[in-house]
Each structure stands twice: as structure tokens, then as C-alpha cells.
Amino acid sequence: MPYNDDSIALARSKYIALQNTAERLHICHLGDPLSPVLTTELHVNGNPRTYRTYGVSNPLASNISGNTSDSENILLDSRHQLRDFVNAVFIPYDDSMHDFDTKVYTKKHLSLQHIYESVKPHTSLFQDSMNQFKGFVSHKPNGIGFVAADRDIVKSARRNSKKAKSDSTIRLWSLLVLKEHFKMKVKNAIYNYMDDYKYQAEHLKREGYRFIGYARKSSQGDISLEARFCSFERMVRKLKLLLAEDIYVSPCSVASADFHQRDNDQRMTDYKEILNIDGVKGNTNALLSSLRASTQLVVLIVIDYAGLSTDQDHVFNLVREHNQLAYLYVDRSPVSSTIESYSREELMSDPKILSKFNCRPPPVRRSVIFPLYSCAILIHGVHASSEMPHHWVKITLLMGPTADLEIVEATCEHAAARKEEWGHGMLEWSRMPSRSPDYSKKNVVHLVIP
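Encoded structure:
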């Protein structure tokens with residue numbers, strides 16, 4: 003929102019409207035501590051992972067175990083806990099952050115050694131080796147935020163055993179570093195995230211919300227009925243810990259399947275025992291019926307995004323078709339110390355949130371010579387030999403409407419190609435097809451192979 007008279011008037015009117023409500027107000031942020039927002043206590047308690055409170059004004063401070071002195075004795079003992087801690091404490095700095103809150107953050111230039119020494123007292127991991135910590139932060143799937151940021155080149159004077167003194171340069175990250183008092187609160191919140199969640203959930207239950215759990219497992223895969231049963235027992239137990247009152251399961255459904263088409267498989271008769279697990283109220287069809295019939299606002303709890311669906315359109319339709327579905331909670335504890343929550347309005351209006359459900363990209367076909375395409379490739383009409391004075395092969399590919407590839411032209415350019423280089427193991431040679439390709443239905447793509 004631009005800073006002008008209209009924006010000021012709009013913000014003032016919203017503030018007056020909030021003041022006139024009977025609810026208490028809280029200052030919080032939406033993931034960026036440098037951008038505070040003002041909202042009601044109901045919004046904060048109902049959607050704690052979206053509306054995040056600041057440490058000193060956190061209404062949970064007296065409800066989760068321990069104070070600052072207790073936090074000093076806590077050691078984060080898992081990699082995802084440490085990842086959450088590092089990302090909260092060390093924020094990459096850029097010029098747009100020049101007006102950051104100096105009461106909360108300090109701007110520093112830090113090397114990886116400095117960061118390691120700062121993190122070491124808060125975790126039981128990597129105590130003996132900075133190289134192990136370096137491997138942890140640089141491994142891209144771990145999602146450490148500051149690593150991708152640019153580093154500044156800084157001159158540093160170093161002692162040398164052979165020279166009295168020599169100037170050298172080192173690369174340091176420019177970071178906003180959370181002050182020590184807030185580090186303790188962040189660590190405490192990560193370590194006790196379940197207590198945090200339960201406090202918020204109990205508040206919503208007192209407001210009249212109904213908590214429903216849902217678990218699913220794919221029909222694919224070679225897994226015994228006994229193993230499938232045990233897996234659902236564990237998921238049901240987890241959903242009970244998340245305070246789900248009623249639990250529904252899908253014993254054999256593909257994650258990308260539409261909700262209305264789940265559990266209609268003939269094999270459902272083989273999985274009747276799963277529906278008899280203590281606490282389970284029925285399958286997916288029973289869940290949909292319960293959502294339609296509910297007179298209470300509903301919080302739906304799932305274990306990871308794929309535990310609900312891997313098709314964002316199906317998730318959107320589920321929310322759109324059931325007006326009582328107010329919140330969706332996604333337990334991310336398998337990979338992170340968080341339970342992410344989204345309101346109905348966010349799910350209906352924010353494509354970035356829905357895109358999180360597209361969490362299973364198709365597998366890479368590693369056996370294919372050209373990994374960008376998932377089909378065999380034939381080169382037509384080219385006769386490579388040692389006499390040909392070329393070593394680059396230019397191929398014209400035609401992609402059909404069904405994503406099949408057909409090569410209709412191949413020419414050699416530049417210097418010295420040999421048949422043993424191009425014709426064996428890497429490419430298969432063939433004659434031109436007798437029929438002419440239909441250019442009207444295909445897109446021409448050029449591929450140059452060295």
C-alpha cells in the first residue's frame with residue numbers, strides 16, 4: 003500500500019473500526035517481524051501461524067513452560083528445530099530494511115564461524131565440528147535462509163607466522179541478528195510448539211469450534227494390511243494429540259484424487275478393520291457428510307500437505323463447497339517444528355498457499371538419454387560417419403499434443419563428428435518417417451547437442 007493521504011485515511015478508519023469492537027487488540031506480524039500489523043485477539047488465537055506475536059507481548063508467555071532462565075537450559079536436538087532457530091535469528095539484510103527495530107535486532111557482518119559460535123550454545127548438534135555445521139547450512143534442502151544472500155568483501159588484518167602482518171579479504175554476510183533475550187523466547191517457542199498449539203486450540207474450542215482430523219494413505223505400494231493398519235493407528239494417535247475430536251480416514255486413496263471419488267475402490271472391503279480403529283468415525287465420504295451437516299465452525303487437521311491432497315484445485319473446491327470449514331491446520335512435525343494454519347479466506351484467495359499442496363513433482367526419468375523429455379528419441383535421416391566434417395548435431399524436435407516427441411530433421415554442423423561418438427549408446431539412427439508430420443498441431447523446438 004503506497005504512503006499517501008488515501009492510505010492514511012483507510013488505515014485510520016480500519017483502526018477505529020477495530021477499536022469499536024469488544025475484542026482485545028494485538029500487534030503481530032505475518033512472518034516478517036519488521037512489518038507489524040494490528041488485529042483482534044480472535045484472529046491471533048485462531049490463526050497463530052499466520053498472525054505471529056512478538057516475544058515480549060506474546061500472550062502465551064505465561065502458558066508455555068519456562069521463562070528465559072528455563073530457556074537457557076534447553077538444547078535443540080533435531081535438525082528441523084535448528085533450521086527454524088537459525089532462520090529466525092539470522093535474517094539477510096538489504097537496503098529496504100534500513101528502518102529495522104533496533105530494540106529487537108542488531109545489524110552485524112558475520113562469518114560462518116561467528117554464526118556457528120553463536121548457535122552452538124543452543125543446540126546439542128554439531129558440537130565437535132564446524133565443518134558439520136557448514137554442511138548442514140549449505141545443504142539446499144535444509145532451507146537455511148541466510149546462505150543464499152550475497153556476502154560483502156571485508157578487509158581483515160591477519161597474523162602470519164612468516165610475515166609480521168598481512169592484509170587479506172574475507173566474505174561476511176550482512177545480517178540482522180536477533181538480540182539474546184529474544185533468542186531465548188524463539189528457542190522456547192520452537193521447543194514447546196505443541197504447548198503453544200494446544201493453548202491456541204483450547205481457546206478455539208471454547209469459542210465453539212469443532213476439531214476434525216483426517217488421514218489418508220495411498221492405495222499404491224507393496225505394503226501389507228498389517229503394516230497399513232499400524233500406520234493408521236499411529237496417525238490417529240497423532241491426530242488425537244492435536245486435539246481432534248472426530249477422525250476420518252481414507253485407507254486407500256491416491257493423494258491427487260478428488261475427495262468425492264475416494265474410498266470407492268473394491269479393496270475397501272479389505273480395509274474395514276482400519277475403520278474400526280478407536281476414534282475413527284468413517285471414511286472420506288463420511289467426512290464430507292459431516293462437514294455439510296455441521297452446525298459448528300470446523301478446524302480440519304491433517305498430517306503434512308500430502309496427507310490431504312496434492313492437487314490444489316481439489317483443496318480449493320473442498321473449502322468452497324463447505325462453508326463451515328473455517329481453518330485448515332497442517333502438522334509439519336515430520337520436517338519442521340510447526341503446525342501451519344490457514345483461514346478459509348486465505349485458502350480461497352491466496353494462490354501461494356494453495357500451491358503448497360502441489361508438493362509431489364513427478365519423478366525424473368533417469369534412464370532417458372535426454373532427461374528433459376520422458377520418451378525415447380530417434381534421429382531420422384542422418385548418416386554420421388568419420389568422413390563428415392562436422393561435430394555439432396542440430397536437431398529439430400516436434401512435440402505433439404500428447405507430449406510425444408518426433409524428430410523430423412537433423413543436420414550436422416561444424417567440425418568432425420564420428421559415428422562411434424554419436425551413433426552408439428547415446429542416439430539411435432533410423433530412416434525418415436514415411437508420413438509427413440502435422441505441423442498445425444505441433445510446436446517446433448530446437449535442441450543443440452555437443
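Its first residue numbered 3, the sequence shown is counted upward by one per residue in the numbering used here. C-beta atoms are modelled at their ideal positions from N, C-alpha and C, and glycine is treated no differently. Just so it is clear, the structure is predicted and the values come from calculations on it, not from any experiment.
Closest Cα partner of residue i within the set the options
i: serine 338; options: Ala151, Met132, Asn194 and Gln115; result: Asn194
i: histidine 262; options: Val282, Ala288, Leu241 and Leu244; result: Ala288
i: histidine 82; options: Ala229, Phe138 and Arg153; result: Phe138
i: valine 238; options: Ser255, Ile214 and Ile225; result: Ile214
i: valine 282; options: Val256, Arg236, Gln326 and Lys207; result: Arg236
i: histidine 31; options: Tyr53, Asp86 and Ile18; result: Tyr53
i: leucine 27; options: Leu40, Lys16 and Ile18; result: Leu40
i: proline 253; options: Ser140, Lys142, Asp103 and Leu310; result: Leu310
i: lysine 242; options: Glu348, Met132, Ser131 and Met196; result: Met196
i: glutamate 119; options: Lys105, Lys136, Val106 and Tyr107; result: Lys136
i: asparagine 133; options: Lys187, Leu12, Leu78 and Ile117; result: Ile117
i: asparagine 89; options: Gly147, Pro38 and Val106; result: Gly147
i: lysine 122; options: Leu77, Ser15, Asn144 and Pro38; result: Leu77
i: aspartate 79; options: His100, Phe128 and Ser357; result: Phe128
i: glutamine 202; options: Lys16, His100 and Leu244; result: Leu244
i: leucine 206; options: Ala328, Asp103 and His183; result: Ala328
i: glutamate 347; options: Ser335, Arg322 and Val149; result: Arg322
i: phenylalanine 102; options: Met270, Ile18, Pro38 and Ile172; result: Pro38
i: serine 291; options: Asn75, Asp248, Ile192 and Lys110; result: Asp248
Proximity of residue i and residue j at Cβ, strictly below 7 Å
i: tyrosine 307; j: leucine 330; result: no
i: leucine 112; j: leucine 174; result: yes
i: isoleucine 341; j: tyrosine 199; result: yes
i: isoleucine 454; j: alanine 217; result: Missing from the structure shown is residue 454; the chain here goes from 3 to 452 and no further.
i: lysine 240; j: phenylalanine 87; result: no
i: leucine 84; j: threonine 42; result: no
i: serine 226; j: threonine 312; result: no
i: tyrosine 250; j: glycine 210; result: no
i: lysine 185; j: valine 91; result: yes
i: glutamine 314; j: asparagine 360; result: yes
i: isoleucine 305; j: aspartate 333; result: yes
i: histidine 324; j: leucine 293; result: yes
Paired residues, beta bridge with residue i - DSSP
i: tyrosine 216; result: Tyr250 and Val304
i: tyrosine 107; result: Leu180
i: valine 81; result: One point to set straight first is that residue 81 is arginine, not valine, in the sequence displayed. Paired residue(s): none; arginine 81 is not in a bridge.
i: serine 345; result: Tyr329
i: isoleucine 18; result: None, per the DSSP bridge assignment.
i: phenylalanine 128; result: For phenylalanine 128, which the question treats as bridged, DSSP gives no partner whatsoever.
i: phenylalanine 92; result: Val179
i: leucine 112; result: Trp175
Residue i at chain B interface by Cβ criterion, 7 Å
i: tyrosine 107; result: Absent here is chain B; the protein component of the structure consists of one chain.
* To do: Quick one: which unbroken alpha helix (DSSP H) runs of 4-plus residues sit fully inside the stretch 270 to 343? Chain order, please.
  => Here the runs fully enclosed are 286 to 295 and 314 to 323.
* Asked: Is it true that the stretch 310 to 322 meets the stretch 220 to 231, where meeting means three or more beta-carbon pairs spaced less than 8 Å apart?
  -> No: the two stretches stay apart, fewer than three of their Cβ pairs being nearer than 8 Å.
* Please determine if the stretch 170 to 190 and the stretch 262 to 272 are in contact, where contact requires at least 3 C-beta pairs separated by less than 8 Å. => Segments in contact, no.
* May I ask you to verify whether the stretch 85 to 105 touches the stretch 350 to 360, counting CB pairs closer than 8 Å and requiring at least 3? => Segments in contact, no.
* Between the stretch 40 to 47 and the stretch 283 to 300, are three or more C-beta pairs nearer than 8 Å? -> Fewer than three pairs of CB atoms, one per stretch, sit closer than 8 Å, so the stretch 40 to 47 makes no contact with the stretch 283 to 300.
* Please determine if the stretch 271 to 284 and the stretch 231 to 248 are in contact, where contact requires at least 3 C-beta pairs separated by less than 8 Å. => With the cut-off at 8 Å, the stretch 271 to 284 and the stretch 231 to 248 touch.
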